[in-house]
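Undergrad: First, the structure itself, so that you have it in front of you.
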Amino acid sequence: ARRAAGLGAAPTSPDSPQHTMAELYEAVQYAPRVVPRLYLQICAGSALIRSGEAGAREVLEELIEAVKCVQCPIRGLFLRHYLLQ
């Protein structure tokens, strides 16, 4: 099976372009569905903070504001719990 090149594909050579965590965090914001996008954004935000490319305060403030927009109480509850982990 042929694998599409993109953020999820492993680099094929040492001189392949590498993506920064900030680029990854930006890219997940274009996922079409809201709740899965927020889960991806939390994962990418966590990696961004650990990489040191962005400050924790700014990333967490953005994530908290995004999580507040979920209207379904059950989904919001699970999403907030995931954010706190």
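When you number the sequence shown by my numbering, it's gap-free, plus one each residue, and the end is 85.
Cβ atoms here follow ideal geometry from the backbone N, Cα and C, with glycine treated the same way.
Is the CB-CB distance between residue 67 and residue 48 below 8 Å?
TA: For the purposes of this step, residue 67 is taken as the residue at position 67 of the sequence shown. For the purposes of this step, residue 48 is taken as the residue at position 48 of the sequence shown. In this structure, residue 48 does not lie closer than 8 Å to residue 67 by Cβ.
Undergrad: Report, in whole angstroms, the separation of the C-beta atoms of residue 79 and residue 35, which I expect to be a contact under 8 Å.
TA: Position 79 of the sequence shown holds residue 79. Position 35 of the sequence shown holds residue 35. Residue 79 to residue 35, Cβ: 7 Å. Contact.
Undergrad: Using the C-alpha atoms, what's the distance from residue 19 back to residue 74?
TA: As a working note, residue 74 is residue 74 in the sequence shown. As a working note, residue 19 is residue 19 in the sequence shown. Whole-angstrom Cα-Cα distance: 34 Å.
Undergrad: Rounded to a whole number of angstroms, what is the C-alpha to C-alpha distance between residue 46 and residue 27?
TA: Numbered from 1 along the sequence shown, position 46 holds the residue referred to as residue 46. Numbered from 1 along the sequence shown, position 27 holds the residue referred to as residue 27. Rounded to the nearest angstrom, the two C-alpha atoms are 14 Å apart.
Undergrad: Which residues mark the beginning and the end of the alpha helix (DSSP H) in which residue 81 is found?
TA: As a first step, residue 81 is located in the sequence shown; it is residue number 81 there, counting from the start. 73 to 84 is the span of the alpha helix (DSSP H), which, as asked, contains residue 81.
Undergrad: Label residue 25 either buried or exposed according to how many other C-beta atoms from any shown protein chain fall within 10 Å of its C-beta, with 16 as the threshold for buried.
TA: The residue given as residue 25 occupies position 25 in the sequence shown. When all chains shown are included, residue 25 counts as buried.
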